[in-house]
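Taking it in order: structure first as structure tokens, then the write-up.
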């Protein structure tokens with residue numbers, strides 16, 4: 001029953017809505033290549049079931065029944081190819097070297113190729129599921145996080161993502177026991193890495209990619225066995241002919257006219273007949289396998305480049321820089337201490353954790369992963385550098401929840417209520433109201449920054465008096481007062497200065513606010529945000545302190561008369 005269920009779900013796995021836990025090049029192999037091969041197989045099968053799959057030129061004295069028999073016997077037995085300018089070979093061994101023996105089996109050859117391309121995918125899905133973490137579910141959660149409007153929903157999703165990754169890295173850890181290094185060495189030598197080494201998923205990921213390369217290269221030579229001749233050089237030979245200006249004659253790989261010999265037994269004698277047959281199916285086979293040859297060559301180059309690229313991303317400084325850069329984007333202090341960050345990356349996340357984060361960024365959003373890395377970092381600092389939770393899963397969940405949701409947001413006069421008869425608005429309610437104003441954007445981060453700037457008393461609620469005060473200041477206050485209020489909005493930590501990271505976070509929240517949710521390619525967007533941040537830092541940091549103070553900010557804006565950046569100050 002399990003096998004039947006797996007087979008029945010295969011069309012939906014290949015053709016249905018895709019929730020990927022890999023990369024684009026992998027999808028070229030196990031999805032799009034499989035679709036192409038299955039389509040070719042269906043077309044060939046349809047043509048072979050028609051009545052004109054082969055037509056033999058028989059002697060004039062053959063009756064209709066003889067003609068039908070000739071066509072059928074020549075179809076089920078193998079024909080052989082002889083060029084028009086050549087004489088028929090008499091040597092049986094020479095005839096065998098020219099036998100065309102594949103055309104009856106072309107649909108099965110194509111289906112077999114499709115199965116081979118899907119096998120590495122099955123290996124990845126089945127073995128990665130045994131690692132203790134479901135990457136597809138994490139991708140779904142990350143996508144839902146982008147589209148979630150309610151504060152509670154976003155918090156639950158982020159808690160789930162953080163808890164899942166933390167539990168995975170915790171389960172593979174254990175205390176360093178005596179001779180533990182010997183076990184690790186033997187596991188590495190015997191190629192039996194496990195979760196406790198922190199590289200189970202990474203090695204499985206690379207094994208899958210190597211199998212894709214072996215598959216794309218090996219199938220070129222596998223077709224030599226099925227089709228005969230040297231099919232591995234088929235495309236190269238064709239390119240050489242085109243470059244040399246040679247005429248494209250009938251292909252020896254897919255001849256359209258072949259010879260067929262068959263014997264007819266009479267009572268006393270056996271008569272051997274030689275007839276000339278046309279294989280119309282080879283007209284399509286030639287084009288199909290020519291496309292397959294170039295597609296396999298293209299896949300081989302893509303697979304080789306992708307393997308090299310992921311190897312560079314997964315080791316050395318590139319892996320460290322990937323996490324450290326995203327930590328700095330969300331930190332007010334751009335100079336992270338090297339040792340804690342290094343321990344967080346190499347001892348806590350290890351290879352598998354970084355791979356999971358990269359796959360999430362590849363299939364959902366780089367900004368979501370940046371926030372996830374920040375939550376993991378905060379939890380890592382909260383629990384300690386020992387890595388993992390050091391306790392049961394339930395304790396892990398509560399600890400992570402405490403790290404993600406500040407205690408001030410869970411307590412206070414409102415008690416978590418969305419509405420208050422006294423006219424007070426909680427942070428959650430404020431975010432919910434703000435979301436209704438920008439239904440197509442991602443409002444959470446900007447609305448929280450705005451809430452903190454209105455909540456000057458830091459009570460985690462906004463009173464009616466706070467709103468009136470803010471409104472009065474922005475409408476009737478002096479230009480210096482209004483600029484000061486905007487400076488405080490950019491000053492996320494409320495320490496009197498704006499750092500580069502604070503400016504980056506606020507600009508990123510504005511981008512999230514005005515652009516559609518789920519329709520962003522976040523990598524170029526982040527580059528744009530960084531460029532805009534650098535431009536503003538360069539303009540506003542008059543004394544080149546490395547940060548922006550309120551006096552410099554107001555002075556610059558007054559000097560420019562808010563002509564260039566005035567629109568940026570509108571809320």
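Residue numbers (UniProt numbering): 1 to 571. For each residue, glycine too, the CB sits at the ideal point set by N, CA and C.
Just checking, does the region 479-498 make contact with the region 312-326 on the three C-beta pairs under 8 Å criterion? Remark: fewer than three beta-carbon pairs, one from each stretch, lie closer than 8 Å, so the region 479-498 and the region 312-326 are not flagged as touching.
With distances taken Cα to Cα, identify the nearest neighbour of residue 483 among 77, 310, 206, 559. With respect to the C-alpha of residue 483, the residue from 77, 310, 206, 559 having the closest C-alpha is 559.
Please determine if the region 159-172 and the region 445-465 are in contact, where contact requires at least 3 C-beta pairs separated by less than 8 Å. no
Expressed to the nearest angstrom, what Euclidean distance is found between the alpha-carbon atoms of residue 552 and residue 542? 6 Å
Is residue 277 near residue 55, with beta carbons less than 8 Å apart? yes
At which residues does the beta strand (DSSP E) containing residue 273 begin and terminate? 270-278
Spatial neighbours of residue 428 within its chain, please: CB distance less than 6 Å, with the 5 preceding and 5 following residues excluded, ordered by chain position. 151
For residue 540, is the classification buried or exposed, using 16 other Cβ atoms within 10 angstroms of its Cβ as the cut-off for buried? buried
Collapsed DSSP secondary structure at residue 334 in the structure displayed: Reliability of the predicted coordinates at residue 334 is poor, the pLDDT of 47 falling under 50, and the value obtained from them is presented with this limitation in mind. If DSSP states are grouped into helix, strand and coil, residue 334 belongs with coil.
DSSP beta-bridge partners of residue 259: 80, 276
Mapping the DSSP letters down to three states, classify residue 129 as helix, strand or coil. helix
Using 8 Å for Cβ pairs, my map puts residue 357 next to residue 369. What's the rounded Cβ distance? 5 Å
Quick check on the DSSP output: the beta strand (DSSP E) that includes residue 56 runs from which residue to which? DSSP places residue 56 in the uninterrupted beta strand (DSSP E) bounded by 55-57.
With 16 other CB atoms within 10 Å as the buried threshold, where does residue 59 fall? exposed
Should residue 548 be labelled buried (16 or more other beta-carbon atoms within 10 Å of its own) or exposed? buried
Return helix, strand or coil for residue 20, following the three-state DSSP convention. coil
Three-state secondary structure assigned by DSSP to residue 135: helix
Since residue 87 is in the alpha helix (DSSP H), which residue starts that stretch and which ends it? Annotation: residue 87 is outside any alpha helix (DSSP H) and is labelled neither H nor E by DSSP.
Near residue 481, what residues of its chain come up, given a Cβ to Cβ distance below 7 Å and the 5 sequence neighbours on each side ignored? Close CB contacts of residue 481 within its chain, under the 7 Å cut and outside five residues either way in sequence, are with 473 (chain order).
Is the Cβ-Cβ distance between residue 304 and residue 203 less than 8 Å? no
Can you tell me where the alpha helix (DSSP H) holding residue 351 begins and where it ends? Here the alpha helix (DSSP H) through residue 351 covers 350-363.
Whether or not the region 100-115 and the region 36-50 are in contact is what I'm after, with contact meaning three or more pairs of Cβ atoms, one per stretch, closer than 8 Å; do they touch? The answer is yes - the region 100-115 touches the region 36-50, with three or more Cβ pairs under 8 Å.
Other residues of its chain near residue 361: CB distance less than 6 Å, five sequence neighbours each side excluded: 369
Would you say residue 373 and residue 319 are within 8 Å of each other, going by their C-beta atoms? no
Taking the beta carbon of residue 293 as the centre, do at least 16 other beta carbons fall within 10 Å, making it buried, or is it exposed? buried
Given that a residue counts as buried once 16 or more other Cβ atoms are within 10 Å of its Cβ, and exposed if not, what is residue 501? buried
Which residues does DSSP pair with residue 549 in a beta bridge? 497
Residue 375 to residue 505 span [Cα, whole Å]: Residue 375 and residue 505: Cα-Cα distance of roughly 15 Å.
Per the DSSP calculation, residue 265 is bridged to which residue(s)? 270
Whole angstroms are fine: how far does the CA of residue 544 sit from the CA of residue 538? 8 Å
Roughly how many whole angstroms lie between the Cα atoms of residue 129 and residue 324? 28 Å
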